[in-house]
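Quick notes on the structure that follows.
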Amino acid sequence: MSLFQTKEWWNTRISGNEEFDDKHLLVANIDNNPQHQDRVVVGSFQGFLRIYAPKKRDFQIDDMIFEQNFNEPIIQVGCGYYSPNAGLLLLSVLFFKKLCIFECETTADQRINLKKTYVCNLPRNAYNMCQGNFGGSQKDQICVQSCDGLLMIIESDQVTAGVQLQEFLLPSPISYNSATDQIVLQNSSYEIEAYKISNIGAASNSNGTKKLLPDWTLNIGEQCLKLECVCRDHKVFDFIALTEEALFVITQTGQIRTQKRFDYPAANFYINEIPEKHAKAVLDPLSQQPLRVISLIITSFTHHLMIYEDFQLLWATKTDHVCHGVGVGTFDGQRGLLVGLNDEGWLNVSYLGTEPPLNQMDSFAPLPGQNLTINQISDMYEVAFQKINQLESKQPVKKADANETMNINIQVSAPIPAYDYVQDDEKYYKFENGSVKCVKVNVNLQYTGIKASDVIISLILPPNLEVPANKMPHSVQEIVNSYQYEFPIYVLKSFNPSASQVEILVSYHNSAPGKQANRDPRNSVGRIELPCGLQCHLAVPIKNANYKLNFNTSLPCENISEVFKDVVDKCTNKEECLQAPNTYTFEYSNGNYGTILCSKQGDKYRIQSSTFEGIYFIMLYFFQKIKKYQESKKNVADITFTEVVTFQDFFTVVDAHYLLRHKLLDSKDLLEKKATEFRTIQKRLLTRFKEKNPAPINNLDILMQKSFDDLIQLGNKYEKIQEQLNQVSNNLSITVKLILWLFKIRFNLSSETMYQLENAISSDITGDEEEIGWEEITNANVIYLLKVVMKKEMKETHLNIQKIDDFAKFKKNLTFVFDKISKGQLEKQ
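Each residue of the sequence shown is one higher than the one before, counting from 1 in full-length UniProt numbering.
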């Protein structure tokens, strides 16, 4: 264990479903409090803005003094003196299409309210920003760089200047030098460029007649990750440029003052401002003048944090997470605390410290100058171990109570319009008015023990249902008594509905208090049935269909309007949908429909659909409703099916699934070959770029562009095949469930037989992107049933799963197994 460490002072997990980068962290006295205590401002790509006031303790809910969801991605947060009111620090929040400036006001309960000062709408999508006293102004102004290379100078709520960068491909870090009044950034040729603010304004006012040219350029040959300006002396500023493998110190005239190569991939850096009275000076080799030493905090993707002073390593330690965002602040009266934020939302405040050696046993140490034999040392160790065992026996391990449980109570609302902002709403099932249809699920967790820690709530859904990515899985640091969580469920309109049951899994650590407590991992499961109206709605009756199944009942047919009362009551056009009293048609989210018909004699049901797999959902839901309805009347009918089960439609889906699987594998191979070709051309171009006397490129740039276009085209084709395969896999799963259910009631199969059959011909479709998939696994299971289970002599007990050489034989074996099951041969075994 290293002596040099970072000691944890305060930490929290912001959210497990949001994304962050280095521009989302700000440490500043943003509320202008007289105690000069800093606050931690954190934005996210999911649109949440949070402000924390850390204290030396475990995280508590009142440490977060502000939270708001802006419902659009936050690109960067910053602060500056944007107001004519001197000394008033304001908060700047950059979105894609606007820049907002807020004043943070502290309330009586030590919370923060945001008062919007002004908003500036942007003509292009923003990428990042920098700020400064442009042109010697009395207040800070902001320069925003768009994703397509437009520099916009913003003062108050107006874009006062805007100019397009030349030969622009990708945006880069941006910084401002107040001494020379220059904006500094990197172009697509790995060159650092500097542009005067006056030239940007002149080029903006020339209506395109005057091109913006840089004052100086410097080629560093590497992609810049971060670019910052630092004061070295009176009116002498340097630029710190961080790349993946090096750090450059560049003068304000465009020369490399010094550089350092790293043995690790750098993630971020922070310039630690040293008070002038404590600052050291070094002699500059270029100007032969003393300059202030630069103090840097550098983080790496190897989970390390290093502190350098003039490139001399002062401190190195390992952190729990990669610090993408890093800062230094004053909290709770303690100065110089390190703040780190990773891309998954782990926010921590720490300080530098050393770890003294533990478990020192001075009483057993030899006296100075004393020479001990090996036997004497062994005796001393034996005595020490005896004392250790005596101490451990006096501290019994505390165990968690076995009766401590997590109870899950779930409530589901009726289908309602989505109450949150929905991205890509075109892929979801909607109401007639165009709003996205969803149900609101409320999970109430009741814990009977002392405390549950590291709680994770996850969800198992059918393929056609979806929960927003920032809602599931959901992490909770600890639950003492109870906890409530709410989330929506949406319906994808490109899939056939397959089930209405949802499983909610809660995993946690059940532990007793104390350092010697056992942390027992446990889990609980809750299930809930979603309303039928979420995935379908009543439609105008359709009596004709391509696929029909007839079922007999031992009791007269029930009144369907009573069975589906919850669906009928929410129907908006009852006159059209209920015009045929014995016919009910349900339209699914993907446009297919299922129809239920009752015979006039009153002892038969017919379920039909436009597709074979479309029968299953409404059939299963209907018979479940019938059973519950008849159980309430204490008179349950027997449902029988006497028709011949055909496999033509089943094999049609199997053929489509098998064909798409191999089509996807072929597309994947082509994509890998094209990616290898693109990387090879790229390496050749980079090699020639780094040579002192490069050879002609001989149209390599044209070849790389052609390879890149082919790569994008193949990628789009792969995604399209993958989307089709997901839909066909869902259809295959539904079809397998339907065939097995029909066989069960047709031949009155026992639960043991159904268990063997469901394991052999599974409805869980896996391995779609692998060479061994559902067909290969099912083929091995079917051969095992035919050769081992259905024969008296078990000669072979193990079969290898391998590729199918003859697909027609595979389908023939499937038919043979079903034929033997219909004759009861599996029941006899």
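Think of the CB as a built atom: it goes at the ideal place given N, C-alpha and C, for glycine as much as any other residue.
This one's a predicted model, so the numbers in the text were calculated from it and none came from an experiment.
Inset, instruction - List in chain order: all unbroken alpha helix (DSSP H) runs of 4+ residues lying wholly within the region 493-571. - result: Entirely contained in the region 493-571, the alpha helix (DSSP H) runs reaching 4 residues are, in chain order, 560-563, 565-569.
Inset, instruction - Sort 144, 549, 68, 71 by Cα distance to residue 99 and report the nearest one. - result: Numbered from 1 along the sequence shown, position 99 holds the residue referred to as residue 99. Of the residues 144, 549, 68, 71, the one whose Cα lies closest to the Cα of residue 99 is 144.
Legend entry - Residue nearest to residue 510 in terms of C-alpha spacing, selected from 503, 456, 555, 491: Residue 510 sits at position 510 when you count from the first residue of the sequence shown. Checked all of 503, 456, 555, 491; the closest Cα to residue 510 is 456.
Inset, instruction - Tell me whether residue 304 sits in a helix, a strand or coil according to DSSP, three-state version. - result: Here residue 304 refers to the residue found at position 304 of the sequence shown. In the structure shown, residue 304 sits in a strand (DSSP, three-state: E or B).
Inset, instruction - Give me the Cα-Cα distance between residue 268 and residue 25, rounded to the nearest whole angstrom. - result: The residue labelled residue 268 in the question sits at position 268 within the sequence shown. The residue labelled residue 25 in the question sits at position 25 within the sequence shown. So the alpha carbons of these two residues sit roughly 12 angstroms apart.
Inset, instruction - Taking only the alpha-carbon atoms, compute the straight-line gap between residue 763 and residue 729 and give it to the nearest angstrom. - result: Indexing the sequence shown from 1 puts residue 763 at position 763. Indexing the sequence shown from 1 puts residue 729 at position 729. Residue 763 and residue 729 have their C-alpha atoms spaced approximately 10 angstroms apart.
Inset, instruction - Go ahead and label residue 22 buried or exposed: buried means 16 or more other beta carbons lie within 10 angstroms of its beta carbon, across all protein chains shown. - result: Position 22 of the sequence shown, counted from the first residue, corresponds to residue 22. Residue 22 should be labelled buried.
Inset, instruction - Please report the residue range of the beta strand (DSSP E) in which residue 150 lies. - result: Mapped onto the sequence shown, residue 150 falls at position 150. Residue range 150-155 is occupied by the beta strand (DSSP E) that includes residue 150.
Inset, instruction - Apply the 10 Å Cβ neighbour rule to residue 50 and answer buried if 16 or more other Cβ atoms are within range, or exposed otherwise. - result: Position 50 of the sequence shown, counted from the first residue, corresponds to residue 50. Buried is the call here.
Legend entry - Cβ shell of residue 625 (< 6 angstroms), same chain only, five flanking positions each side left out: Your numbering for residue 625 matches position 625 in the sequence shown. Take residue 625, set aside five residues on each side of it, and the residues of its chain with a beta-carbon closer than 6 angstroms to its own are 563, in chain order.
Inset, instruction - Go to residue 616, then tell me how far its alpha helix (DSSP H) extends in each direction, as first and last residue. - result: Residue 616 sits at position 616 when you count from the first residue of the sequence shown. Element bounds for residue 616: 614-632.
Legend entry - Buried versus exposed, by CB contacts within 10 Å (16 or more), residue 755: The sequence position of residue 755 within the sequence shown is 755, counting from 1. Under the 10 Å beta carbon count, residue 755 is surrounded by fewer than 16 other beta carbons and is classified as exposed.
Legend entry - Contact check, residue 73 vs residue 102, beta carbons under 8 angstroms: Walking along the sequence shown from the start, residue 73 turns up at place 73. Walking along the sequence shown from the start, residue 102 turns up at place 102. No, the Cβ-Cβ distance between residue 73 and residue 102 is not below 8 angstroms.
Legend entry - Backbone secondary structure at residue 324 - three-state DSSP: Translated into positions along the sequence shown, residue 324 becomes position 324. For residue 324, the three-state secondary structure derived from DSSP is coil.
Legend entry - Simplified DSSP assignment, three categories, for residue 734: Counting from one through the sequence shown, the residue named residue 734 turns up at place 734. Annotated three-state conformation of residue 734 is helix, per DSSP.
Legend entry - residue 657, DSSP secondary structure in three states: For the purposes of this step, residue 657 is identified with residue 657 of the sequence shown, where counting begins at 1. Correct three-state label for residue 657: helix.
Inset, instruction - Would you mind giving the Cβ-Cβ distance between residue 635 and residue 609, rounded to the nearest angstrom? I have them listed as a contact below 8 angstroms. - result: Counting from one through the sequence shown, the residue named residue 635 turns up at place 635. Counting from one through the sequence shown, the residue named residue 609 turns up at place 609. Actually they do not touch by this definition, with Cβ atoms about 29 angstroms apart.
Inset, instruction - Let me know if residue 676 comes out buried or exposed under the rule of 16 or more other beta-carbons within 10 Å of its beta-carbon. - result: If you number the sequence shown from 1, residue 676 lands on position 676. Using a 10 angstroms sphere on the CB of residue 676, the tally of other CB atoms stays under 16, which defines it as exposed.
Legend entry - Which of helix, strand or coil DSSP assigns to residue 388: Along the sequence shown, one-based indexing puts residue 388 at 388. Helix, per DSSP.
Legend entry - Stretch-stretch touch, CB-based, cutoff 8 angstroms, three pairs: the region 151-161 with the region 104-124: Yes: at least three Cβ pairs fall under 8 angstroms.
Legend entry - Start-to-end residues for the alpha helix (DSSP H) that takes in residue 776: Here residue 776 refers to the residue found at position 776 when the sequence shown is read from its first residue. Per DSSP, residue 776 belongs to the alpha helix (DSSP H) from 774-784.
Inset, instruction - Look at residue 252 and residue 299 and say whether their C-beta atoms are less than 8 angstroms apart. - result: Reading the sequence shown from its first residue, position 252 is the one you call residue 252. Reading the sequence shown from its first residue, position 299 is the one you call residue 299. No, they are not a contact pair.
Legend entry - Rounded separation between residue 428 and residue 417 - CA only: Working through the sequence shown from its first residue, we reach residue 428 at position 428. Working through the sequence shown from its first residue, we reach residue 417 at position 417. Separation of residue 428 and residue 417 (C-alpha to C-alpha, rounded to the nearest whole angstrom) is 12 angstroms.
Legend entry - Contacts around residue 195, its chain only, beta-carbon distance under 7 angstroms, and the 5 residues preceding and following it disregarded: For the purposes of this step, residue 195 is taken as the residue at position 195 of the sequence shown. Result list for residue 195: 182, 183, 212, 214, 215, in chain order.
Inset, instruction - Name the residue from 245, 815, 348 whose alpha carbon lies nearest to the alpha carbon of residue 264. - result: Within the sequence shown, numbered from 1, the residue matching residue 264 stands at position 264. Of the listed residues, the one whose Cα sits closest to residue 264 is 245.
Legend entry - Distance between residue 352 and residue 305 (C-alpha atoms, nearest Å): Numbered from its first residue, the sequence shown carries residue 305 at position 305. Numbered from its first residue, the sequence shown carries residue 352 at position 352. Pairing residue 305 with residue 352, the inter-Cα distance amounts to about 10 angstroms.
Legend entry - For residue 52, the first and last residue of its enclosing beta strand (DSSP E): Here residue 52 is taken as the residue at index 52 of the sequence shown, counted from 1. In this chain, the beta strand (DSSP E) harbouring residue 52 covers 48-52.
Inset, instruction - Tell me whether residue 221 is buried or exposed, calling it buried when 16 or more other Cβ atoms sit within 10 Å of its Cβ. - result: For the purposes of this step, residue 221 is taken as the residue at position 221 of the sequence shown. Counting Cβ neighbours within 10 Å, residue 221 comes out exposed, since fewer than 16 surround it.
Inset, instruction - Pick out whichever of 435, 40, 325, 646 has its Cα sitting closest to the Cα of residue 736. - result: Position 736 of the sequence shown, counted from the start, is the residue given in the question as residue 736. Nearest to residue 736 by alpha-carbon distance, out of 435, 40, 325, 646, is 646.
Legend entry - Neighbour-count burial assignment, residue 127, 16 or more Cβ in a 10 Å radius: Position 127 of the sequence shown, counted from the first residue, corresponds to residue 127. Under a 10 Å Cβ-count criterion, residue 127 is classified as buried, with 16 or more other Cβ atoms of the shown protein chains found around its own Cβ.
Legend entry - residue 37 and residue 80 closer than 8 angstroms at C-beta: Taking the first residue of the sequence shown as position 1, residue 37 is located at position 37. Taking the first residue of the sequence shown as position 1, residue 80 is located at position 80. In this structure, residue 80 does not lie closer than 8 angstroms to residue 37 by Cβ.
Legend entry - Own chain partners of residue 229 with C-beta closer than 7 angstroms, once the 5 adjacent residues on each side are dropped: Taking the sequence shown and counting its residues from 1, one reaches residue 229 at position 229. Exclusion of the five residues before and after residue 229 leaves 175, 176, 177, 237, 239 as the residues of its chain whose Cβ lies within less than 7 angstroms of its Cβ.
Inset, instruction - Grab me the residues of residue 111's own chain with a C-beta within less than 8 angstroms of its C-beta, minus the 5 sequence neighbours each way, in chain order. - result: Residue mapping note: residue 111 aligns to position 111 of the sequence shown, counting from 1. Excluding positions up to five away in sequence, the list reads 65, 66.
Inset, instruction - Please name the residue in 619, 589, 613, 612 whose C-alpha comes closest to that of residue 597. - result: Counting from 1 along the sequence shown, the entry for residue 597 is found at position 597. Among 619, 589, 613, 612, the Cα nearest to that of residue 597 is on 619.
Inset, instruction - Measure the C-alpha to C-alpha separation of residue 319 and residue 27 and round it to an integer number of angstroms. - result: Reading the sequence shown from its first residue, position 319 is the one you call residue 319. Reading the sequence shown from its first residue, position 27 is the one you call residue 27. As the crow flies, the alpha-carbon of residue 319 is around 19 angstroms from that of residue 27.
Inset, instruction - Compute the Euclidean distance between the alpha carbons of residue 687 and residue 233, then round it to the nearest angstrom. - result: Position 687 of the sequence shown holds residue 687. Position 233 of the sequence shown holds residue 233. Straight-line Cα distance between these residues: approximately 39 angstroms.
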